[in-house]
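Under full-length UniProt numbering, think of the first position of the sequence shown as 1, with each following residue one higher.
All C-beta atoms in this analysis are idealised placements derived from N, C-alpha and C, irrespective of residue type, glycine included.
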Amino acid sequence: MTLEGTLEADVSTADGESRPESVAFAFTVTNAGAEPVELQFSDMCKAEFVVRDGDREVWRFTEGRMFAQMLSREALPPGASSTYEGEWERPRPGAYTASAELRAQEASCEAHTSLTVPE
């Protein structure tokens, strides 16, 4: 099983505002192998997103949230991708490293990206 991940971060501001109101994350997981991959999830949260300032964690997508406990499966044929999204509301200004990790059972994939939240 060969899964490859990419992570994009989009810092957005409200109309007429200069301070960012959120950072939208898009974590794309691609089956880079020759065989189909079946991803199995134990709840509705399929990816974890974490933002760090150096070694210090400043935000975690799942912190303070509850997710429905629902078993689900997702098939990824060779070359197919699936994208999982998360949003950091009211981000603090600064330069960060963001990471995303697939929360599937018996399959792993992660990706990282740098982002800057302006003041």
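8 Å Cβ shell around residue i - same chain, five flanking residues per side excluded
i     : result
Arg92 : Val58 and Val117
Whether residue i touches residue j by CB criterion (8 Å)
i           : j     : result
residue 127 : Asp10 : In the structure as shown, the chain starts at 1 and stops at 119, and residue 127 therefore has no counterpart that could be examined.
Val29       : Gly5  : yes
Ala32       : Thr2  : yes
Leu115      : Tyr96 : yes
Exposure of residue i, with buried meaning 16 or more beta-carbon neighbours within 10 Å
i      : result
Pro20  : buried
Leu71  : exposed
Gly86  : buried
Phe67  : exposed
Ala111 : buried
Ala98  : buried
Ala80  : exposed
Alpha-carbon to alpha-carbon, residue j and residue i
i      : j     : result
Val50  : Ala34 : 30 Å
Ala100 : Leu7  : 7 Å
Of the residues the options, the one placed nearest residue i, counting alpha carbons only
i      : options                       : result
Gly94  : Tyr84, Arg52 and Gln105       : Arg52
Ser108 : Gln40, Glu119 and Gly64       : Gln40
Leu102 : Ser82, Gly64, Arg90 and Thr13 : Ser82
Gln69  : Arg56, Cys45, Phe27 and Phe61 : Cys45
6 Å CB neighbourhood of residue i in its chain, flanking five on each side removed
i           : result
Glu89       : Ser22
residue 122 : Because the chain spans 1 through 119 in this model, residue 122 falls outside it and cannot be assessed.
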